[in-house]
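Engineer:
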Amino acid sequence: QAHAKVWHLYNDHFRPTQRGKVSIALSSHWIKPQRMTEKNIKECQKSLDFVLGWFAKPIFIDGDYPESMRSNLSSLLPEFSEVEKKYIKGTADFFALSFGATLSFQLLDSHMKFQQLESISLRQLLYWISSEYNNPQIFIVENSWFVSGSTKRDDAKYIYYLKKFIMETLKAIRYDGVNVFGYTVWSLLDGFEWHRGYSIRRGLFYVDFQSHDKKLMPKSSVLFYQKLIEKNGFPPLPENQPIEGIFPCGFAWGIVDNYIQVDTTPTQFLDSNVYVWDVHQTKKLIKVDGVFTSKRKHHCVDFAAIRLQISLLQEMRVTHFHFSLKWSLIFPLGNLSLINHTLVHYYQCFASELLRVNITPVVALWQPMAENQELPVSLAKYGAWENPETVQAFVEYARFCFTSFGDHVKFWITMNEPSVKNLTYTAGHNLLKAHAKAWHLYDKEFRRSQKGKISIALQADWVEPACPFSRNDQEVADRILEFDIGWLAEPIFGNGDYPQVMRAWLHRRNSVDLYNFHLPYFSEDEKKLIQGSCDFFALSHYTTTLVGWEKEDALKYDHYLEVQMINDITWLHSPNRAAVVPWGLRKLLKWVKSKYGDVPIYVMANGIDDDQNMVHDKLRVYYIQNYINEALKAYTLDNVNLQGYFVYSFNDKTAPKYGLYSYVANQYEPKPSMKHYREIIDSNGFPGPETPELLCPDEIASCPECHFFRTRKSLLAFISFIFVAFIVTIFFITYYSKRVERRYK
2 QAHAKVWHLY NDHFRPTQRG KVSIALSSHW IKPQRMTEKN IKECQKSLDF VLGWFAKPIF
62 IDGDYPESMR SNLSSLLPEF SEVEKKYIKG TADFFALSFG ATLSFQLLDS HMKFQQLESI
122 SLRQLLYWIS SEYNNPQIFI VENSWFVSGS TKRDDAKYIY YLKKFIMETL KAIRYDGVNV
182 FGYTVWSLLD GFEWHRGYSI RRGLFYVDFQ SHDKKLMPKS SVLFYQKLIE KNGFPPLPEN
242 QPIEGIFPCG FAWGIVDNYI QVDTTPTQFL DSNVYVWDVH QTKKLIKVDG VFTSKRKHHC
302 VDFAAIRLQI SLLQEMRVTH FHFSLKWSLI FPLGNLSLIN HTLVHYYQCF ASELLRVNIT
362 PVVALWQPMA ENQELPVSLA KYGAWENPET VQAFVEYARF CFTSFGDHVK FWITMNEPSV
422 KNLTYTAGHN LLKAHAKAWH LYDKEFRRSQ KGKISIALQA DWVEPACPFS RNDQEVADRI
482 LEFDIGWLAE PIFGNGDYPQ VMRAWLHRRN SVDLYNFHLP YFSEDEKKLI QGSCDFFALS
542 HYTTTLVGWE KEDALKYDHY LEVQMINDIT WLHSPNRAAV VPWGLRKLLK WVKSKYGDVP
602 IYVMANGIDD DQNMVHDKLR VYYIQNYINE ALKAYTLDNV NLQGYFVYSF NDKTAPKYGL
662 YSYVANQYEP KPSMKHYREI IDSNGFPGPE TPELLCPDEI ASCPECHFFR TRKSLLAFIS
722 FIFVAFIVTI FFITYYSKRV ERRYK
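So the sequence shown is numbered by the working numbering: it starts at 2 and just counts up by one.
#1: Hey, out of F293, V292 and W278, whose CA is closest to L286's CA?
#2: Suppose only complete runs of 3+ residues qualify. What are the beta strand (DSSP E) ranges in the stretch 624-657, listed by chain order?
#3: Can you look up V729 in the DSSP assignment and give me helix, strand or coil?
#4: Counting C-beta neighbours from all protein chains within 10 Å, is the total for V464 16 or more, i.e. buried, or is it exposed?
#5: From the DSSP output, which residues share a beta bridge with I567?
#6: Can you tell me where the alpha helix (DSSP H) holding H441 begins and where it ends?
#7: Does the beta-carbon of I720 have 16 or more other beta-carbons within 10 angstroms, so that it is buried, or is it exposed?
#8: Just checking my contact of L356 with W328 at CB under 8 Å: how many whole Å lie between their CB atoms?
#9: Tell me the rounded alpha-carbon separation between K596 and I256.
#10: Go through its chain and collect everything with a Cβ distance to I701's Cβ below 7 Å, but skip five positions before and after it.
#11: In this structure, does DSSP put S405 in helix, strand or coil?
#12: Y664 to T655, Cα distance in whole Å?
#13: Am I right that V208 and K215 are in contact with their C-beta atoms under 8 Å? What's the rounded C-beta distance?
#14: What whole-angstrom Cβ distance do I261 and F351 have, given they're in contact under 8 Å?
#15: On a Cα-Cα basis, can you pick out the residue from F252, S650, L633 and V319 that is closest to R679?
#16: Within the chosen definition, does the stretch 92-100 reach the stretch 22-32 through at least 3 CB pairs nearer than 8 Å?
#17: Would D264 pass as a contact of F304 if the rule is Cβ separation under 8 Å?
#18: With D683 as the anchor, note down where its alpha helix (DSSP H) starts and where it stops.
#19: Name the DSSP bridge partner or partners of S149?
#20: Sort out for me which residues DSSP pairs Y184 with in a bridge.
#21: Excluding the 5 residues flanking K228 on each side, which residues of the same chain have their C-beta closer than 7 Å to its C-beta?
#22: On a Cα-Cα basis, can you pick out the residue from Y159, Y226 and G150 that is closest to R197?
#23: Determine the DSSP secondary structure at Y11, reduced to helix, strand or coil.
#24: Using beta-carbon positions only, say whether H436 and S534 come within less than 8 Å of one another.
#25: So, under 8 Å CB-CB, Y561 and D462 are touching, yes? Tell me the CB distance rounded to an integer number of Å.
#26: From the DSSP output, which residues share a beta bridge with F719?
#27: Measuring alpha carbon to alpha carbon, tell me which residue in S145, M503, F140 and W195 is nearest V181.
#28: Within 8 Å (strictly less), CB to CB, does F96 reach chain D?
#29: Would you mind sorting E706 into buried or exposed? The rule is 16 or more other CB atoms within 10 Å of its CB.
#30: Within 10 angstroms of its Cβ, does V477 collect 16 or more other Cβ (buried), or is it exposed?
#31: Buried or exposed: which applies to H430, given that a residue is buried once 16 or more other Cβ atoms fall within 10 Å of its Cβ?
#32: Since Q460 is in the beta strand (DSSP E), which residue starts that stretch and which ends it?
#33: Leaving out the 5 sequence neighbours to the left and right, which residues in its chain are closer than 6 Å to Q1 when beta-carbon positions are compared?
#34: Could you tell me the distance, in whole angstroms, from the CA atom of G192 to the CA atom of L109?
#35: Using a Cβ-based criterion (distance less than 7 Å to any ligand heavy atom), does P673 qualify as near the ligand SAM?
#36: Enumerate in chain order the residues of its own chain whose CB-to-CB distance from D610 is below 7 Å, with the five nearest sequence positions on each side excluded.
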């Protein structure tokens with residue numbers, strides 16, 4: 002009633018001369034149902050009625066309280082007279098909304114939630130207000146998040162929540178037709194936050210409460226908000242727009258299956274026993290004792306599982322297929338004393354069948370997995386990579402693989418995605434020496450005859466400073482890149498030793514901590530052995546991470562590296578919460594080039610998980626489209642020597658939720674993302690109307706039919722012999738027939 006009287010006072014006596022407008026500012030939360038049932042949805046409506054509708058409905062609708070309040074509170078809720086209803090109704094020139102400053106984010110009385118879930122979706126609240134109150138003009142008079150009271154000026158968490166709220170406001174305007182005409186950040190400067198005291202901060206300007214003069218200092222969020230105002234929102238950046246173009250001739254289009262489906266069940270044709278069919282009684286086959294047929298050699302066609310996998314790869318039209326061998330199964334005892342010859346034959350057949358259909362096998366000797374790191378038990382039991390003897394065991398295993406598979410495999414990976422998160426410095430030290438020795442072994446003894454190439458594949462997710470205006474955050478990002486990628490890359494692709502950043506940081510930590518983080522040293526001979534032990538730079542890339550130096554969230558803070566992991570909640574995320582950040586791949590490729598020179602680069606794995614209930618596979622289609630386009634930018638605009646791109650993963654059977662093929666009821670079905678990837682492969686990128694046509698001599702010369710005959714020379718010779726014999730026979734028959742006819746004439 003007080004608000005209504007003030008509004009009428011202004012409307013009757015001041016508006017004609019002052020020409021202003023007046024309203025009431027209402028705070029609200031947003032609520033979502035625990036489960037999508039009619040009862041829960043009604044409870045959510047009731048929650049909003051009790052908090053926002055209590056004041057909004059009388060003013061914006063009919064002058065009376067919401068029906069849900071009346072039915073629940075009965076005599077506790079006062080009654081308006083009809084005159085009062087008319088007097089209150091319409092006493093607002095706009096809808097002034099406060100979101101996040103007081104009621105939201107765990108400050109709402111739990112009874113007001115009616116056992117439903119509180120949410121921070123400003124967009125949904127704006128849409129609800131628009132629908133509930135006849136599309137009023139909305140002015141957001143307070144909106145904010147908060148950071149820890151210990152956070153100083155690099156308030157990245159505040160920035161990304163501010164970005165989320167303003168972006169949701171823009172979406173409500175653009176996509177939902179909500180009439181929002183203004184936005185206000187809460188708050189200008191840090192202050193006393195009521196019952197939370199000084200434990201949190203909301204201001205755009207930092208206040209040092211311990212100092213005498215309480216000097217104001219702008220935070221990173223000030224710069225962010227200032228630039229956002231200058232741009233009036235989020236205009237598309239030129240560098241983020243897709244480009245047209247194609248990749249070079251011979252570009253490797255691949256797919257990854259960490260461990261191929263191995264089914265060595267022998268075919269019935271290898272059984273030398275003789276059986277009779279008991280058609281009268283048991284209706285089963287009965288083995289005849291003492292009677293055997295002649296045994297025949299094993300052939301690749303005996304493995305039925307291979308043919309199915311090859312046919313799926315052909316359907317995808319990839320040129321390369323990347324998979325890892327299982328060291329622990331090939332050498333169960335970790336050495337040559339026991340070899341799984343059946344599995345070796347299976348791998349040989351798989352590689353030869355790939356070549357038969359013009360698909361290049363890309364084979365990793367070892368890839369760490371959870372159980373024993375995929376090492377033979379005897380090695381895992383005695384220290385794994387901590388034990389120097391594992392180095393020589395790996396070299397012995399590599400020699401066997403080069404000898405057994407080298408006729409078919411020309412593209413080798415020594416170690417695929419060794420996880421630096423799970424490696425000690427000693428283990429990493431031995432792993433590097435094992436890689437280098439395997440590389441030199443191939444280079445000296447096998448390269449000349451097999452004519453292949455070999456390197457290591459590193460996991461390399463991009464790391465971005467959380468505050469783009471913060472020098473401290475940039476230093477943290479640079480440090481994490483060195484620890485995550487440079488640790489194993491610098492000795493091989495750089496100067497033969499670990500990054501100087503690592504050594505300096507660990508020296509600093511060791512001087513102040515009780516722990517001793519010892520990073521081993523290479524001898525000069527070891528440096529020469531490791532440096533340059535590569536033919537290309539292979540990397541796996543999945544996502545991008547934001548990092549900062551201000552400690553904000555203890556659960557996501559790494560005390561060892563003094564880094565805070567931060568999430569941009571406006572980014573698209575997968576069901577497993579992996580961020581989809583295509584431009585991170587381009588930045589990574591540029592970083593590799595700037596740091597290690599014009600080395601040939603292969604993106605050996607790039608993929609995202611999905612929700613298996615999603616039919617249209619839209620997230621992975623978007624992911625593949627945009628990540629490959631960023632790779633194209635790196636190749637065409639940044640002159641990165643990019644040689645190939647591989648999608649992770651082949652199918653859901655071996656990599657659940659990541660496959661381009663679903664696997665249900667023993668059946669493989671292509672997902673829309675597989676078909677989309679195939680279209681990109683067929684186009685060799687993203688050609689446009691002005692893209693010049695690229696003629697690739699190798700592609701013109703090669704064909705599956707030619708390869709078919711090249712790999713079956715003995716069969717071709719036999720057919721040629723039969724054909725010549727047939728022609729000669731016909732010639733002699735014709736010749737002697739004519740002589741006999743002349744004789745009778």
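Think of the CB as a built atom: it goes at the ideal place given N, C-alpha and C, for glycine as much as any other residue.
Structural biologist: Looking at the atomic coordinates:
#1: W278
#2: 643-649
#3: helix
#4: buried
#5: L547
#6: Y426 to E446
#7: exposed
#8: The Cβ separation is near 23 Å, so there is no contact.
#9: 27 Å
#10: Confidence at I701 is low in this model, with a pLDDT of 40, below 50, so its placement is unreliable and the value that follows should be read with caution. Taken in chain order, the list of residues that qualify is empty.
#11: S405: helix per DSSP, three-state reduction.
#12: Using only the alpha carbons, I get a separation of about 9 Å.
#13: 6 Å
#14: At roughly 6 Å, the Cβ-Cβ gap stays under 8 Å, so I261 and F351 are in contact.
#15: V319
#16: Contact between the stretch 92-100 and the stretch 22-32 is established, with three or more Cβ pairs separated by less than 8 Å.
#17: Yes, the Cβ-Cβ distance between D264 and F304 is below 8 Å.
#18: P673 to S684 is the extent of the alpha helix (DSSP H) around D683.
#19: DSSP output for S149 lists I201 as bridge partner(s).
#20: I141
#21: none
#22: G150
#23: helix
#24: yes
#25: With 8 Å as the limit, Y561 and D462 do not qualify as a contact, their Cβ atoms being about 18 Å apart.
#26: F719 pairs with nothing; no bridge assigned.
#27: F140
#28: Note that chain D does not occur in the displayed structure, where there is just one protein chain.
#29: Note that E706 scores a pLDDT of 47, beneath 50, so its modelled location is shaky and nothing firm can be said.
#30: V477 comes out buried.
#31: Counting other Cβ atoms within 10 Å of its Cβ, H430 reaches 16 or more and is therefore classed as buried.
#32: K454 to Q460
#33: The question about residue 1 has no answer, for the chain in this structure spans 2 to 746.
#34: 21 Å
#35: The ligand SAM is not part of this structure, which contains no ligands at all.
#36: S575, P576, N577, A579, K658 and Y659
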